[in-house]
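Asks:
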Amino acid sequence: MYISLILNVSLILALTALYNLVLRIATLEKKTGYLLQGLVFGLLAVAAMSVAYNYSSGVIYDGRSIILSLSGLYAGSIPTIIASLISLLYRYHLGGNGVWAGLATIVLCSATGLLFRRKFIKKINTLNKFELLTFGLAVHLVMLGCQLLIKPWPAGIEVISRIWLPILLTFPVATVLTGLLIQQENLRLQAEIKLKESEEKYRVLFDHAGQMIIVAQDGLFKLVNKKCLEYGYTEEEIIGQPFLDFIHPEDRKMVAEKHLKRITEKDFGATYEFRFLTKDGKTRWVEITAVHIEWEGRPATLNYVTDITERIKAQQEKEELLKVIENSQNEIYIFDSNSLKFTYANQAAIKNTGYSAEEMLNLTPLDLKPEFDRTKFDTLLQPLLSGMKIKEVFETYHRRKDGSTYPVEVYLQVVELTNKKNCLAIVLDISERKQAEQNLEKTLYGIIKAAARTAEVRDPYTAGHQEKVAELAEAIAQAMNLDDSRIKGVRLASMIHDLGKIAIPPEILNKPGRLTEIEMELIKTHSTVGFEILKDIEFPWPIAEIVYQHHEKIDGSGYPRGLKGEQILLEARIICVADVVEAISSHRPYRPSLGLDQALDEIKDNAGKLYDERVVKHCVELIEKKGFKFRETSGL
Numbered sequence: 054m055y056i057s058l059i060l061n062v063s064l065i066l067a068l069t070a071l072y073n074l075v076l077r078i079a080t081l082e083k084k085t086g087y088l089l090q091g092l093v094f095g096l097l098a099v100a101a102m103s104v105a106y107n108y109s110s111g112v113i114y115d116g117r118s119i120i121l122s123l124s125g126l127y128a129g130s131i132p133t134i135i136a137s138l139i140s141l142l143y144r145y146h147l148g149g150n151g152v153w154a155g156l157a158t159i160v161l162c163s164a165t166g167l168l169f170r171r172k173f174i175k176k177i178n179t180l181n182k183f184e185l186l187t188f189g190l191a192v193h194l195v196m197l198g199c200q201l202l203i204k205p206w207p208a209g210i211e212v213i214s215r216i217w218l219p220i221l222l223t224f225p226v227a228t229v230l231t232g233l234l235i236q237q238e239n240l241r242l243q244a245e246i247k248l249k250e251s252e253e254k255y256r257v258l259f260d261h262a263g264q265m266i267i268v269a270q271d272g273l274f275k276l277v278n279k280k281c282l283e284y285g286y287t288e289e290e291i292i293g294q295p296f297l298d299f300i301h302p303e304d305r306k307m308v309a310e311k312h313l314k315r316i317t318e319k320d321f322g323a324t325y326e327f328r329f330l331t332k333d334g335k336t337r338w339v340e341i342t343a344v345h346i347e348w349e350g351r352p353a354t355l356n357y358v359t360d361i362t363e364r365i366k367a368q369q370e371k372e373e374l375l376k377v378i379e380n381s382q383n384e385i386y387i388f389d390s391n392s393l394k395f396t397y398a399n400q401a402a403i404k405n406t407g408y409s410a411e412e413m414l415n416l417t418p419l420d421l422k423p424e425f426d427r428t429k430f431d432t433l434l435q436p437l438l439s440g441m442k443i444k445e446v447f448e449t450y451h452r453r454k455d456g457s458t459y460p461v462e463v464y465l466q467v468v469e470l471t472n473k474k475n476c477l478a479i480v481l482d483i484s485e486r487k488q489a490e491q492n493l494e495k496t497l498y499g500i501i502k503a504a505a506r507t508a509e510v511r512d513p514y515t516a517g518h519q520e521k522v523a524e525l526a527e528a529i530a531q532a533m534n535l536d537d538s539r540i541k542g543v544r545l546a547s548m549i550h551d552l553g554k555i556a557i558p559p560e561i562l563n564k565p566g567r568l569t570e571i572e573m574e575l576i577k578t579h580s581t582v583g584f585e586i587l588k589d590i591e592f593p594w595p596i597a598e599i600v601y602q603h604h605e606k607i608d609g610s611g612y613p614r615g616l617k618g619e620q621i622l623l624e625a626r627i628i629c630v631a632d633v634v635e636a637i638s639s640h641r642p643y644r645p646s647l648g649l650d651q652a653l654d655e656i657k658d659n660a661g662k663l664y665d666e667r668v669v670k671h672c673v674e675l676i677e678k679k680g681f682k683f684r685e686t687s688g689l
């Protein structure tokens with residue numbers, strides 16, 4: 054059996070070359086490509102069935118499952134439907150006791166390929182061996198299941214017991230090999246298409262470049278782009294002509310010498326200016342940058358020529374730019390990198406801060422930024438002045454002349470002015486953004502609180518539990534000196550850490566007696582359910598993952614994933630301790646409150662085993678030394 058199956062698979066691998074040819078045709082004509090792909094996959098399946106391993110009369114095994122599933126995976130629905138129809142007709146023609154099993158194999162393996170295509174569509178040509186092996190195993194488990202249709206019943210069960218091992222040892226591996234060959238060809242074809250497109254793009258860029266591009270050799274124009282024709286000449290009037298004929302007589306000697314140097318000295322790369330003659334006799338100033346190249350096997354130059362006749366307008370543009378800066382709605386400052394004194398402030402800066410232009414020149418950023426002293430500001434500037442960083446972006450507050458403040462976002466960088474390092478600061482007033490963020494945070498908090506109450510409404514005995522856990526977890530996070538953002542994340546995750554309990558029947562949640570093993574396992578699903586509810590919601594913090602992990606333990610004995618130590622988010626470790634303390638010290642349907650002392654004994658005894666030692670330390674200090682107590686909650 055093994056030899057027959059391996060020979061069948063070898064045929065499939067050999068015939069995969071046909072797919073490569075069809076794939077190239079498919080890129081030329083979409084509809085024809087679909088048809089040809091379907092025909093090729095169908096004929097490959099027929100070829101496989103024609104040399105199949107005959108298990109018994111009418112019961113055959115071959116590589117059609119590989120071919121059709123890979124058709125679904127790589128070719129898509131239309132070619133796979135065509136291939137399936139061809140295969141169905143041929144298998145029905147063969148008949149026998151296994152005909153229905155064979156037909157089901159064709160349909161279901163094709164469908165499995167299409168299903169996996171939907172799953173992997175974004176990386177369909179970069180599947181790794183493990184993913185392909187998983188796919189192959191899935192397909193051939195489906196194929197084995199189809200053997201239950203072999204007549205007479207239950208002959209299929211006996212067949213499966215004999216063929217499952219050879220099938221699963223050979224066909225998934227063949228699926229991997231064939232899939233890799235198809236992927237390799239798909240990627241090669243994509244690369245060829247991209248190369249062709251790239252060549253076309255470069256030609257388009259060459260013809261539509263904003264500057265003249267010229268290849269010169271032996272003193273003649275060899276190739277020019279369309280930009281060169283804007284001076285009134287046709288391509289025929291330029292190609293093959295001496296380029297010196299198009300240059301102002303006073304500049305020809307200089308241009309000829311530099312061209313010769315560039316031809317003979319590959320490292321010669323000066324950029325220079327000269328006058329170019331238009332067809333109507335006018336003079337245009339141009340700037341040329343050229344490089345030495347080989348053209349048709351001989352030295353030549355590739356020249357980039359820019360018209361600079363209008364360069365005089367550059368100064369005017371600078372003046373216009375200064376006007377834009379001066380009238381920008383954002384505050385723009387320039388200050389000395391040593392003294393920090395402002396050397397420039399635009400109108401927005403003067404208006405927003407309330408200082409006059411004269412007053413501003415006597416101030417420094419420290420006068421506007423109350424959060425900074427000289428040491429702190431120098432620390433901020435140092436990476437910019439040393440070149441380690443290009444820019445610094447940060448939020449702070451600006452203080453107006455009248456003492457009021459407003460939030461700002463600062464873009465700070467170093468610029469060279471008059472051969473001296475200066476600092477340029479562009480400052481955005483973000484008052485409206487901050488207000489919007491606060492409003493959004495309030496809304497988010499309200500949504501989370503509503504979600505928390507939704508969970509608690511099913512469990513009146515623990516109403517307020519999440520709020521109390523949030524209270525303690527927040528206090529622990531503060532004691533551990535977490536930043537403000539992480540503290541908020543801890544609090545919000547705590548408020549909905551038991552959200553998944555909405556999927557648990559109330560009679561289990563409120564059961565006064567001890568839970569059965571099955572009931573306990575059901576309770577344990579609430580972490581996963583909570584994660585599934587929250588995973589697609591965008592929070593500024595990993596709320597879903599924190600909820601998912603809050604019953605994990607340091608030694609890996611927790612659930613649902615048995616994470617250990619640092620694998621568990623710190624926020625989840627904090628909530629775990631707070632959850633245990635609150636649960637033990639509170640009334641439950643099956644027991645009265647055991648008190649804070651017993652709760653503390655639990656976390657002390659298991660610090661470093663079940664609970665994070667640092668979290669336990671701060672929790673114990675909060676309760677024993679700092680007098681932390683749970684506030685009374687209204688529950689629902």
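Taking the numbering used here, the leading residue of the sequence shown gets 54, the next gets one more, and so forth.
Where a beta carbon is used, it is the ideal one built from N, C-alpha and C, also for glycine.
The structure presented is a predicted model; accordingly, all values stated were derived computationally and were not measured.
Could you tell me if V461 is buried or exposed, where buried requires 16 or more neighbouring beta carbons within 10 angstroms of its beta carbon?
Replies: By 1-based counting over the sequence shown, the position of residue 461 is 408. Counting Cβ neighbours within 10 Å, V461 comes out buried, since at least 16 surround it.
Asks: Quick check on E494: buried or exposed, where buried means 16 or more other Cβ atoms within 10 Å of its Cβ?
Replies: Sequence index remark: in the sequence shown, residue 494 carries index 441 (1-based). Exposed.
Asks: Within the stretch 561-619, note down every full alpha helix (DSSP H) run reaching 4 residues or more, in order along the chain.
Replies: 570-577, 579-587 and 596-602
Asks: Could you spell out the range, first to last residue, of the beta strand (DSSP E) harbouring P460?
Replies: If you number the sequence shown from 1, residue 460 lands on position 407. That run of the beta strand (DSSP E) goes T458 to L470.
Asks: Quick one: what's V522 bridged to in DSSP?
Replies: Position 469 of the sequence shown, counted from the first residue, corresponds to residue 522. Under DSSP, V522 takes part in no beta bridge, so it has no partner.
Asks: At which residues does the alpha helix (DSSP H) containing S638 begin and terminate?
Replies: Position 585 of the sequence shown, counting from 1, holds the residue named residue 638. Premise fails: S638 is in no alpha helix (DSSP H) and is neither H nor E.
Asks: Per DSSP, what kind of secondary structure is R453 in: helix, strand or coil?
Replies: Residue 453 sits at position 400 when you count from the first residue of the sequence shown. Three-state result, R453: coil.
Asks: Mapping DSSP to helix, strand and coil, what is L689?
Replies: Taking the first residue of the sequence shown as 1, we reach residue 689 at position 636. Because the pLDDT of L689 is 39, which lies under 50, any placement of that residue in the model is unreliable, and the number read from its coordinates should be weighed accordingly. Shown here, L689 sits in coil according to DSSP, grouped into three states, outside any helix or strand.
Asks: Measuring alpha carbon to alpha carbon, tell me which of A208, A128, A556 and L123 ends up nearest L230.
Replies: Residue 230 sits at position 177 when you count from the first residue of the sequence shown. Nearest option by C-alpha distance: L123.
Asks: Here's the rule I'm using: 16 or more other beta-carbon atoms within 10 Å means buried, otherwise exposed. How should I159 be labelled?
Replies: For this step, residue 159 is matched to residue 106 along the sequence shown. So I159 ends up on the buried side.
Asks: Distance check for L616 and S610, CA to CA, integer angstroms please.
Replies: Here residue 610 is taken as the residue at index 557 of the sequence shown, counted from 1. Here residue 616 is taken as the residue at index 563 of the sequence shown, counted from 1. Looking at the two C-alpha atoms, the distance is approximately 8 Å.
Asks: If you count every other CB in all the chains shown that lies within 10 Å of the CB of H640, and 16 or more means buried, which is it?
Replies: By 1-based counting over the sequence shown, the position of residue 640 is 587. By the 10 Å Cβ count, H640 comes out exposed.
Asks: With a threshold of 16 other CB atoms inside 10 Å of the CB of G542, please say whether the residue is buried or exposed.
Replies: Within the sequence shown, residue 542 is the residue found at index 489, counting from 1. Result: buried.
Asks: Output needed for R328: all residues of its chain with C-beta closer than 8 Å, excluding positions within five of it in sequence on either side, in chain order.
Replies: Working through the sequence shown from its first residue, we reach residue 328 at position 275. Contacts found: I300, H301, E303, D304, T336, R337, W338 and V339.
Asks: Tell me which same chain residues have a C-beta within less than 7 Å of the C-beta of Q264, skipping the five on either side of it?
Replies: Here the question's residue 264 lines up with position 211 in the sequence shown. Closer than 7 Å at the Cβ level, and outside the excluded window around Q264, lie K280, Y357, V358 and T359.
Asks: Using 10 angstroms around the beta-carbon of E363, count the other beta-carbons present and answer buried if the total reaches 16, otherwise exposed.
Replies: As a working mapping, residue 363 is identified with position 310 in the sequence shown. By the neighbour-count definition (other C-beta atoms within 10 Å, threshold 16), E363 is an exposed residue.
Asks: Assuming A100 and I113 form a contact by the criterion Cβ under 8 Å, report the distance between their Cβ atoms to the nearest whole angstrom.
Replies: Here residue 100 corresponds to residue number 47 of the sequence shown, with the count starting at 1. Here residue 113 corresponds to residue number 60 of the sequence shown, with the count starting at 1. With a Cβ gap of about 13 Å, A100 and I113 do not count as contacting.
Asks: Is P549 near I627, with beta carbons less than 8 Å apart?
Replies: On the sequence shown, position 496 is the one that residue 549 refers to. On the sequence shown, position 574 is the one that residue 627 refers to. As written in the sequence, residue 549 is Ile, which differs from the Pro given in the question. No, the pair does not count as a contact, with Cβ atoms beyond the cut-off.
Asks: Which residue comes first and which comes last in the beta strand (DSSP E) that contains W348?
Replies: Counting from 1 along the sequence shown, the entry for residue 348 is found at position 295. It spans T336 to W348 - the beta strand (DSSP E) in which W348 sits, taken as one unbroken run.
Asks: Taking DSSP as the reference, what is the three-state secondary structure of K662?
Replies: The residue you call residue 662 lines up with position 609 of the sequence shown. Coil, per DSSP.
Asks: In three-state terms, what does DSSP make of F681?
Replies: Here residue 681 is taken as the residue at index 628 of the sequence shown, counted from 1. When secondary structure is reduced to three states using DSSP, F681 falls in the coil class, being assigned neither helix nor strand.
Asks: For the beta strand (DSSP E) that N356 lies in, which residues bound it at each end?
Replies: Within the sequence shown, the letter at position 303 stands for residue 356. Element bounds for N356: R351 to D360.
Asks: For the putative contact between G661 and I607, defined by C-beta atoms under 8 Å, what is the C-beta separation to the nearest angstrom?
Replies: For the purposes of this step, residue 661 is taken as the residue at position 608 of the sequence shown. For the purposes of this step, residue 607 is taken as the residue at position 554 of the sequence shown. The pair is a contact, with the Cβ atoms about 7 Å apart (cut-off 8 Å).
Asks: Restricting to runs no shorter than 3 residues, where is the beta strand (DSSP E) found entirely within the stretch 83-142?
Replies: 106-109 and 112-114
Asks: Who are the Cβ neighbours of K170 in its own chain at under 8 Å, not counting the five residues just before and after it?
Replies: Along the sequence shown, read from residue 1 onward, the residue named residue 170 stands at position 117. Checking the displayed sequence, the identity of residue 170 turns out to be Arg instead of Lys. Closer than 8 Å at the Cβ level, and outside the excluded window around R170, lie G125, L126, Y127, G129 and I177.
Asks: Start and end of the beta strand (DSSP E) containing D426?
Replies: If you number the sequence shown from 1, residue 426 lands on position 373. No beta strand (DSSP E) holds D426; DSSP gives it neither H nor E.
Asks: Please state whether DSSP places M413 in a helix, a strand or coil.
Replies: Stepping through the sequence shown from its first residue, residue 413 is reached at position 360. In the structure shown, M413 sits in a helix (DSSP, three-state: H, G or I).
Asks: Below 6 Å CB to CB, which residues in the same chain sit around H146 once its five sequence neighbours on both sides are set aside?
Replies: Numbered from its first residue, the sequence shown carries residue 146 at position 93. Within the same chain, H146 has no close Cβ partners at all.
Asks: Of all the options Y284, G350 and I267, which has the alpha carbon lying nearest to the alpha carbon of L276?
Replies: Locating residue 276 in the sequence shown gives position 223, counting from the first residue. Checking every option, the nearest Cα to that of L276 belongs to I267.
Asks: Rounding to the nearest angstrom, what Cα-Cα distance links I213 and L197 in this structure?
Replies: The sequence position of residue 213 within the sequence shown is 160, counting from 1. The sequence position of residue 197 within the sequence shown is 144, counting from 1. The alpha-carbon atoms of I213 and L197 are separated by roughly 6 Å.
Asks: Does the stretch 572-590 touch the stretch 524-540, meaning 3 or more C-beta pairs lie closer than 8 Å?
Replies: no
Asks: If the criterion is Cβ atoms closer than 8 Å, does the pair Y408 and K454 meet it?
Replies: On the sequence shown, residue 408 is found 355 positions in, with the first residue counted as 1. On the sequence shown, residue 454 is found 401 positions in, with the first residue counted as 1. It is a contact, given that the beta carbons lie within the stated cut-off.
Asks: Smallest Cα separation from G553: which of P593, T578, M307 and R667?
Replies: Mapped onto the sequence shown, residue 553 falls at position 500. The shortest C-alpha separation from G553 is found at T578.
Asks: Three-state secondary structure (DSSP) at K371?
Replies: The residue you call residue 371 lines up with position 318 of the sequence shown. Helix.
Asks: Tell me, to the nearest whole angstrom, how far the beta carbon of R539 is from that of E605; I am working on the premise that it is less than 8 Å.
Replies: Here the question's residue 539 lines up with position 486 in the sequence shown. Here the question's residue 605 lines up with position 552 in the sequence shown. 18 Å between Cβ atoms; not a contact.
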